[in-house]
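Protein chains in written order, with my numbering: chain A, 1 to 322; chain B, 1 to 322.
Beta carbons are placed, not taken as given, at the ideal position from N, Cα and C, and that holds for glycine.
Nothing here was measured: the structure is a model prediction, and the numbers come from that model.
Here's the structure we're looking at; comments come further down.
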DNA sequence: GCGTTCTTTGCTCATATGAGCAGGCCCGCG
DNA sequence: CGCGGGCCTGCTCATATGAGCAAAGAACGC
């Protein structure tokens with residue numbers, strides 16, 4: 001573009017967007033035909049001189065969603081705007097809200113929804129509106145928190161989601177991780193537990209989050225693991241946990257021994273699911289988000305703008321190393 | 001606005017502005033009539049959810065200019081965008097550029113232009129394009145720098161502006177401030193000097209900047225004043241200097257004795273001018289800018305967005321103390 | 001200097017959009 | 001229970017805008 005044209009296009013854009021003039025009026029002000037003005041305006045937009053941003057806590061970033069779907073091969077992506085949000089809690093809350101919105105508008109409505117638990121999922125459950133669906137049954141897909149927390153964060157998440165959808169919740173009556181493999185096998189073969197696991201495996205859709213691999217993990221908080229355990233896992237490449245199982249950057253299980261003592265849906269089932277929705281937000285979870293997406297653990301990702309951008313960059317660079 | 005409508009207007013805005021959908025298409029996506037979509041879009045704009053910004057070094061802020069004109073009673077105002085610019089030099093340069101643009105498009109073209117000198121004015125002179133006008137004579141309106149600087153910053157500013165306009169420059173062959181009143185009177189009555197001062201007083205238009213009242217002043221730099229002198233002036237209320245004369249917040253001369261030893265156009269002449277253009281940018285000059293504008297020293301102000309906002313706030317608060 | 005090719009310009013026409021209005025709905029009030 | 005009054009909806013119509021095209025102009029090679 002010629003320098004003088006660039007300047008003109010800026011003047012035109014000012015008059016058009018800030019002063020609400022018509023292209024015709026701008027034409028007479030700048031001594032141009034209105035078609036020229038139209039073209040200058042188109043140039044200004046194309047060159048990125050005109051920035052249009054939607055500022056709202058519930059705003060999404062549709063173009064980013066599209067790129068995320070394309071670069072990461074997701075069947076759907078929801079990206080919440082995080083412009084001007086520096087607070088990670090706020091980010092988490094917005095993302096949870098978006099996940100709730102997504103669930104509510106999901107068609108066809110799943111009959112059975114398998115869910116994990118954690119801070120994010122709880123947040124989602126609280127953001128759902130009463131009557132968000134008509135009769136969705138909810139089943140837990142991994143062992144619950146019960147050791148030292150106020151009993152039932154996990155349970156209440158599941159129950160809330162089910163209640164608000166007019167369905168009922170099936171809880172997984174088991175710890176998340178057992179200390180001994182034999183105990184795990186025993187519990188797993190218990191009829192009540194096995195029935196829930198079967199139900200979980202047959203769910204139409206899954207909704208889960210992921211935790212960062214650090215001492216802030218809910219598994220540490222709940223007493224299943226010590227900070228040292230987590231540090232050890234990190235040394236072996238862990239980037240975070242998905243439904244209680246620690247994975248590395250490629251989405252592979254980090255510690256087979258630990259994994260075998262973990263009760264819940266195997267990651268393979270998640271990878272084979274028609275519809276599995278991951279809700280992951282925050283700078284601390286960029287690495288897990290990448291692992292989840294790259295290894296096909298989810299078909300739908302709900303996340304924040306920065307995480308999305310991070311994923312897109314990573315995936316475009318690795319696929320097209322120019 | 002109803003909550004659900006607010007959310008819908010956000011969704012509509014996303015589809016309209018980010019996805020370039022037509023209102024009709026959005027209607028079928030959101031199950032609304034296209035008129036409803038139009039109204040939602042209008043609401044979104046009115047509520048400020050849609051932020052449109054023009055991002056370019058030479059972008060101006062027309063709505064701010066209008067408010068500045070109105071609240072400060074200026075006949076014209078030029079406000080350059082300073083979004084994302086933290087560097088004061090960059091700000092200064094952009095403002096100077098805008099001043100140069102303004103001069104170049106000024107109609108009617110002044111036959112004689114009175115100018116001051118300083119970093120800002122020099123910047124303006126360098127941004128002017130060759131042939132920006134056909135035959136404008138330039139005359140200095142205050143005494144020049146000559147003591148310790150590379151001779152002729154002031155002179156070169158005037159000469160450059162004149163040359164580029166195909167006119168010629170008249171320099172004021174005198175120091176800015178004299179040490180003794182008698183010397184000042186003697187110089188002033190010298191025929192050569194008096195002639196220049198007369199020419200300056202009869203100029204059609206003036207272009208000047210202002211300096212902040214601190215040790216960085218060009219008057220200090222040139223050796224006319226010591227940092228201590230300036231500190232003393234500040235104690236007596238000085239906010240900055242205009243064509244070499246220190247003024248307080250109300251635009252009044254701070255030190256009559258000093259003022260009488262200062263050679264150049266009296267501020268009254270500036271106040272009475274048909275057209276006097278002040279070019280003032282940067283956070284350090286907010287106070288002087290306010291003094292210049294409030295006391296009617298300029299009819300046109302060229303400045304940056306932050307300074308403009310500062311002035312508008314000040315003037316709306318003082319006029320309408322709600 | 002001349003023809004060729006590519007770009008830019010000003011246009012026509014189809015489409016998208018906003019203003020303004022009539023009818024219907026909901027609310028409160030008598 | 002019936003009756004205004006205000007608000008929202010969906011419309012018509014005028015206007016603003018963008019696509020596509022032919023002609024003018026500029027740049028280039030020969």
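Using the beta-carbon of each residue, which ones in chain A are nearer than 9 Å to residue 14/B?
54, 59, 60, 61, 62
If you compare alpha carbons, which of 34/B, 20/B, 63/B, 67/B is closest to residue 313/B?
67/B
For the beta strand (DSSP E) that residue 26/B lies in, which residues bound it at each end?
Premise fails: residue 26/B lies in the alpha helix (DSSP H), 23-30, not in any beta strand (DSSP E).
Go ahead and pull the three-state DSSP assignment for residue 217/B.
coil
Would you report the Cα separation of residue 177/B and residue 226/B, rounded to the nearest angstrom?
Per the coordinates, the alpha-carbon of residue 177/B lies some 12 Å from the alpha-carbon of residue 226/B.
Check whether the region 132-139 of chain A touches the region 165-180 of chain A, counting contact only when three or more Cβ pairs, one atom from each stretch, lie closer than 8 Å.
yes
Along the chain, which unbroken stretches of the alpha helix (DSSP H) at least 4 residues long are found entirely within the region 146-205 of chain A?
153-164, 181-189, 191-201
Mark residue 322/B as exposed unless 16 or more other C-beta atoms lie within 10 angstroms of its C-beta, in which case mark it buried.
With a pLDDT of 49 at residue 322/B, under the threshold of 50, the predicted position of this residue should be treated as unreliable, though the coordinate-derived value follows. It is exposed - the Cβ of residue 322/B has fewer than 16 other Cβ atoms within 10 Å.
Taking the Cβ atom as the reference point for each residue, do residue 279/B and residue 120/B lie within a distance shorter than 7 Å?
It is a contact, given that the beta carbons lie within the stated cut-off.
Proximity winner among 206/A, 252/A, 248/A, relative to residue 272/A (alpha-carbon distances):
206/A
Pull the bridge partners of residue 276/A from the DSSP assignment, please.
206/A
Using DSSP bridges, identify the partner residues of residue 245/B.
Note: residue 245/B sits in a beta bridge opposite 242/B.
Using a Cβ-Cβ cutoff of less than 6 Å, which residues in the same chain neighbour residue 19/A once the five nearest sequence positions on both sides are dropped?
none
Residue 306/A: which of 81/A, 5/A, 173/A, 252/A sits nearest, CA to CA?
81/A
Is it buried or exposed, residue 260/B, if we count other Cβ atoms within 10 angstroms and call 16 or more buried?
Around the C-beta of residue 260/B, fewer than 16 other C-beta atoms lie within 10 Å, and the residue is accordingly described as exposed.
Cβ neighbour criterion (16 or more within 10 Å) applied to residue 274/A:
exposed
Give the straight-line distance between the Cα atoms of residue 141/A and residue 287/A, rounded to the nearest whole angstrom.
In this model, residue 141/A and residue 287/A are separated by some 23 Å (Cα to Cα).
In chain order, which beta strand (DSSP E) runs of at least 3 residues are fully inside the region 15-83 of chain B?
50-54, 76-80
Which residue comes first and which comes last in the beta strand (DSSP E) that contains residue 303/B?
300-304
Note down, in chain order, every chain B residue with its Cβ under 9 Å from the Cβ of residue 51/A.
51, 52, 53, 54, 55
Please list, in chain order, the chain B residues whose beta carbon lies closer than 9 Å to that of residue 129/A.
Chain order gives no chain B residues near residue 129/A, where near means a beta carbon separation below 9 Å; the closest approach is about 11 Å.
Hey, would you say residue 63/A sits closer than 7 Å to residue 94/A, going by beta carbons?
no
Where residue 17/B meets chain A, residues with beta-carbon distance less than 7 Å
52, 54
Per DSSP, residue 317/A forms a beta bridge with which residues?
Residue 317/A is not bridged to any residue.
Quick check: what's the CA-CA separation for residue 54/A versus residue 3/B?
17 Å
Own chain, CB closer than 7 Å to residue 13/B, minus 5 neighbours either side, in chain order:
41, 44, 49, 50
CB-CB length for residue 294/A against residue 222/A, believed under 8 Å
That belief does not hold up - the Cβ atoms of residue 294/A and residue 222/A are roughly 28 Å apart, past 8 Å.
Which residues bound the beta strand (DSSP E) around residue 137/B?
For residue 137/B, the enclosing beta strand (DSSP E) begins and ends at 137-140.
Considering just the uninterrupted stretch of the alpha helix (DSSP H) at residue 95/B, what are its terminal residues?
88-105
With 7 Å as the threshold, decide whether the Cβ of residue 2/A is near any Cβ in chain B.
No, residue 2/A lies away from the interface with chain B (no Cβ there is under 7 Å from its Cβ).
Whose C-beta lies closer than 6 Å to the C-beta of residue 78/A among residues of the same chain, with five residues either side of it excluded?
For residue 78/A, where only same-chain residues beyond five positions count, the Cβ hits under 6 Å are 98, 102, 302.
Locate the alpha helix (DSSP H) running through residue 257/B, then write down its first and last residues.
256-260
When you compare the CB positions of residue 187/A and residue 196/A, do they come within less than 7 Å of one another, or not?
no
Below-7 Å beta-carbon distance, residue 322/B vs any chain A residue:
Confidence at residue 322/B is low in this model, with a pLDDT of 49, below 50, so the placement of that residue is unreliable and no value is reported for it.
Residue 112/B - partner residues in DSSP beta bridges
137/B
Mind listing the chain A neighbours of residue 7/B? Cutoff is C-beta to C-beta under 8 Å, in chain order.
Taking the beta carbon of residue 7/B as reference, the chain A residues within 8 Å of it are 58, listed in sequence order.
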